[in-house]
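In the numbering used here, the protein residues as written are 2 to 185.
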């Protein structure tokens, strides 16, 4: 298992609510990830807004180093594993049928693949907008779609909560962090 993460980029597409960007940055930093990218955010100046910085709560450096891209292709051009995220079902709209993989299943495979070292693996973890999730055309650009197993009657997660869950599963697959205190 790896302790230091391979190049991991968290990509938020079309974010509507700036505070979610700040909360996502905090979720990433908590798990030891630093590469945040935004694709066509609703507010082009979102990374500099006071409320966003407040919501980041100690992860201002993640916001300061984040990149904004005009397209998903630009944000993923240097990634060799591109993972979309979404609900295997949609409560509000009909979706094309797709295969979804539980994050832990994929992450365990990637983390334990001896053919990939930390320099070779460059992963993108993509999250759609708060209102609609990922567009079908963006899902088509992914190597795999990750589906967090949630309540089928109400599977909608807050954007930052989804980032936290994916970041946690990826961190754990990489071997976690050195423990402190009495964590067993």
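All C-beta atoms in this analysis are idealised placements derived from N, C-alpha and C, irrespective of residue type, glycine included.
These numbers come from a predicted model, not from an experiment.
Residue burial annotation: residue 165 is buried, with at least 16 other C-beta atoms found within 10 angstroms of its C-beta. Considering only 138, 44 and 60, the residue with the shortest C-alpha distance to residue 70 is 44.
Look at residue 54 here: in three-state DSSP terms it is helix. Within the stretch 79-162, the runs of alpha helix (DSSP H) at least 4 residues long that lie entirely inside it are, in chain order, 104-112 and 137-140. The three-state reading of DSSP puts residue 21 in helix, counting H, G and I together. Minimum Cα-Cα distance from residue 27 among the listed residues 123, 173, 174 and 160 corresponds to 160.
As the crow flies, the alpha-carbon of residue 153 is around 33 Å from that of residue 55.
The Cβ-Cβ distance between residue 139 and residue 73 falls below 8 Å.
Only residues of its own chain outside the window of five on either side were considered, and among them 104, 105 and 108 have a CB closer than 8 Å to the CB of residue 170, listed in chain order.
For residue 18, the number of other beta carbons within 10 angstroms of its own is at least 16, and it is reported as buried.
Distance from the CA of residue 174 to the CA of residue 112, rounded to the nearest whole angstrom, comes to 6 Å.
In this structure, DSSP gives residue 8 an extended state, which the three-state scheme calls strand. Taking the Cα positions, residue 132 is about 11 Å away from residue 158. In this structure, residue 148 sits near residue 102, with a CB-CB distance shorter than 8 Å. Under the DSSP assignment, residue 48 falls outside any alpha helix (DSSP H); it carries neither an H nor an E label. Between the alpha carbons of residue 85 and residue 75 lies a distance of about 15 Å.
By the 16-neighbour rule on beta-carbons within 10 angstroms, residue 66 is exposed. For residue 37, the enclosing beta strand (DSSP E) begins and ends at 36-40. When rounded, the separation of the alpha-carbon atoms in residue 32 and residue 98 is 32 Å.
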